[in-house]
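Engineer: Chain order of the listed sequences is A and B. Last residue of the first sequence: number 226 in my numbering, and the count goes up by one each step with no gaps. Last residue of the second sequence: number 226 in my numbering, and the count goes up by one each step with no gaps.
There are 2 protein chains.
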Amino acid sequence: MGPVPRTLELFYDVLSPYSWLGFEVLCRYQNIWNIKLQLRPSLLGGIMKDSGNKPPAMLPRKGQYLREDIKLLRQHFQVPIEFPKDFFSTILEKGSLSAMRFLTALSLEHPEMLEKVSRELWMRVWSRDEDITEPQSILAAAEKAGMSAEQAQGILEKISTPKVKNQLKETTEAACKYGAFGLPITVVHVDGQPHMLFGSDRMELLAYLLGEKWMGPVPPAVNARI
Amino acid sequence: MGPVPRTLELFYDVLSPYSWLGFEVLCRYQNIWNIKLQLRPSLLGGIMKDSGNKPPAMLPRKGQYLREDIKLLRQHFQVPIEFPKDFFSTILEKGSLSAMRFLTALSLEHPEMLEKVSRELWMRVWSRDEDITEPQSILAAAEKAGMSAEQAQGILEKISTPKVKNQLKETTEAACKYGAFGLPITVVHVDGQPHMLFGSDRMELLAYLLGEKWMGPVPPAVNARI
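(1) Could you give the distance in angstroms between the alpha-carbon of valine 79 of chain B and the alpha-carbon of valine 125 of chain A?
(2) Report all residues from its chain with a CB closer than 7 Å to the CB of isoleucine 226 of chain B; omit the five preceding and five following residues, and keep chain order.
(3) Which first and last residues belong to the beta strand (DSSP E) in which methionine 203 of chain A is found?
(4) Select from A/Ile35, A/Ser19, A/Cys176 the residue whose C-alpha is nearest the C-alpha of proline 5 of chain A.
(5) With a threshold of 16 other CB atoms inside 10 Å of the CB of aspartate 86 of chain A, please say whether the residue is buried or exposed.
(6) How is phenylalanine 83 of chain B classed by DSSP in three states: helix, strand or coil?
(7) Answer yes or no: does any C-beta atom of chain B fall closer than 8 Å to that of glycine 179 of chain A?
(8) Under the rule that 16 or more other beta-carbon atoms within 10 Å means buried, what is valine 190 of chain B, buried or exposed?
(9) Please classify glycine 46 of chain A as buried or exposed, where buried requires at least 16 neighbouring CB atoms within 10 angstroms.
(10) Take every Cβ of the stretch 38-57 of chain B, pair it with every Cβ of the stretch 9-23 of chain B, and state whether three or more of those distances are shorter than 8 Å.
(11) In terms of alpha-carbon separation, which member of A/His110, A/Ser127, A/Gly182 lies closest to isoleucine 155 of chain A?
(12) Which residues in the same chain have their Cβ closer than 8 Å to the Cβ of proline 135 of chain B, if we skip the five residues on either side of it in sequence?
(13) Assign threonine 161 of chain A to buried or exposed, taking buried as 16 or more other Cβ atoms, counted over all protein chains shown, within 10 Å of its Cβ.
(14) With DSSP collapsed to three states, give me the class of phenylalanine 172 of chain B.
(15) What residue does the alpha helix (DSSP H) around histidine 76 of chain A start on, and which one ends it?
(16) In the DSSP assignment, the beta strand (DSSP E) including phenylalanine 11 of chain A goes from what residue to what residue?
(17) So, is alanine 221 of chain A buried or exposed, given that buried needs 16 or more other C-beta atoms within 10 angstroms?
(18) Quick check on the burial criterion: 16 or more other C-beta atoms within 10 angstroms. Buried or exposed for glycine 182 of chain A?
(19) Does the beta carbon of isoleucine 226 of chain B come closer than 8 Å to any beta carbon on chain A?
(20) Just mark cysteine 176 of chain B as buried or exposed, buried being the case when its beta carbon has 16 or more other beta carbons within 10 Å.
(21) Check the Cβ-Cβ distances between tyrosine 65 of chain A and every residue of chain B, and say whether any is below 8 Å.
(22) Under 8 Å, CB to CB, which of the residues in the stretch 161-195 of chain A have a partner in chain B?
(23) Taking 8 Å as the threshold (beta carbon to beta carbon), is aspartate 13 of chain A in contact with chain B?
(24) Could you list which residues in chain C have their beta carbon closer than 7 Å to that of leucine 210 of chain A, in chain order?
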């Protein structure tokens with residue numbers, strides 16, 4: 001028996017494009033590094049409010065840079081990410097509350113579906129510029145991820161229960177306690193000490209902390225499968 | 001004869017710790033990749049003002065994160081970086097105007113000394129918590145970098161000339177035109193198109209754009225020399 005795998009917690013919101021990049025990198029490495037990846041759906045809006053931070057795109061020059069950055073990272077990370085046409089309405093006004101409650105309910109009832117449904121929600125909002133706020137949008141993502149219509153409907157009916165609402169609140173508060181002022185954050189425990197890494201550009205540092213090998217955002221084992 | 005080296009412009013200010021990290025990485029790779037590194041001393045304060053951005057440390061939770069981030073990156077990048085005790089006074093109040101004018105004068109008169117003197121200024125402010133605002137502080141850094149006392153004094157006498165002041169202003173404006181809202185930025189021209197990369201965490205993406213190999217922040221050739 002090898003050493004016990006280290007637990008990594010990834011706190012994310014499907015509204016956050018850099019969360020998607022971090023998510024895909026960690027999903028690729030979960031079968032390469034000796035880690036156990038815990039997906040923690042959180043609410044970006046709650047974290048911004050609690051920390052007093054503002055969305056980077058609110059500063060025009062940052063907003064401009066983000067578009068260029070995402071365009072380059074799309075190629076480099078091999079993630080089909082694309083800015084929604086109406087960024088302010090889609091990201092800042094409509095938000096992701098129902099979608100993140102759905103993922104939270106999934107994490108409680110069918111955690112094995114969390115990765116695939118999260119990805120399909122990102123594919124909607126951050127690749128094909130499709131809605132993620134209406135019930136039928138969320139159901140479509142769930143079915144595309146392989147859930148049956150009945151199963152997806154069953155989860156959807158739970159998103160307004162106190163249990164699910166509280167769980168999303170608790171996870172968001174946990175991210176804040178780790179010091180989050182945005183998403184994604186990755187929390188890794190090494191030698192009994194938690195390290196919180198912000199963003200999708202600390203994955204090489206994460207490898208260094210874990211004593212694992214960094215092979216870029218698209219490690220060869222993944223390449224071989226494409 | 002191989003292909004013509006690509007020119008990289010690094011815009012930096014010695015007040016910026018991430019500029020130091022980016023600077024050391026590019027200085028290491030300038031002898032490995034087929035690049036010509038142009039060091040462009042700029043004024044961080046001018047860029048923040050022009051872009052409307054605020055120093056990240058102004059948000060308490062970001063400030064806290066920066067300290068932890070720098071501590072980890074210090075090991076990973078092998079750069080002896082250390083937070084000054086009184087960050088607000090050293091970085092936000094005292095600033096770097098004279099130091100950056102000195103580096104600007106150097107870039108005009110002794111560009112071959114720019115790398116070493118920049119490093120010695122960072123060693124003062126971001127490693128040993130020493131002053132960089134007084135004339136004798138700047139002269140000490142220059143001499144430590146290998147300049148003679150006469151040579152350093154000669155450069156110091158030029159930092160208030162219109163030529164030097166204007167050059168620093170122009171370089172800072174050039175960074176703003178590239179879309180800077182902080183430092184460092186690295187500008188690379190690939191296929192006739194400029195790409196501006198912000199921060200010290202886009203160096204792997206830079207390698208990808210250049211078609212060069214990324215070998216981490218401490219490439220083996222550098223390791224071998226240590």
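All C-beta atoms, glycine included, are put in the ideal place defined by N, C-alpha and C. A quick note: this is a predicted structure, and the numbers were derived from the prediction, not measured.
Structural biologist: A quick look at the data gives this:
(1) 40 Å
(2) Here the model assigns isoleucine 226 of chain B a pLDDT of 46, short of 50, so the residue's position is not dependable and the matter cannot be decided.
(3) That residue, methionine 203 of chain A, is in no beta strand (DSSP E); its alpha helix (DSSP H) goes 203-210.
(4) A/Ile35
(5) exposed
(6) coil
(7) yes
(8) exposed
(9) buried
(10) yes
(11) A/His110
(12) Ser98, Leu156
(13) exposed
(14) Residue identity check: residue 172 of chain B is threonine in the sequence provided, not phenylalanine. Looking at threonine 172 of chain B - three-state DSSP - the assignment turns out to be helix.
(15) 60-77
(16) 6-12
(17) exposed
(18) buried
(19) In this predicted model, isoleucine 226 of chain B has a pLDDT of only 46, less than 50, meaning its place in the structure is not dependable enough to derive any value.
(20) buried
(21) yes
(22) Gly179, Ala180, Phe181, His195
(23) no
(24) Within the model displayed, chain C is absent; protein chains A and B are what it includes.
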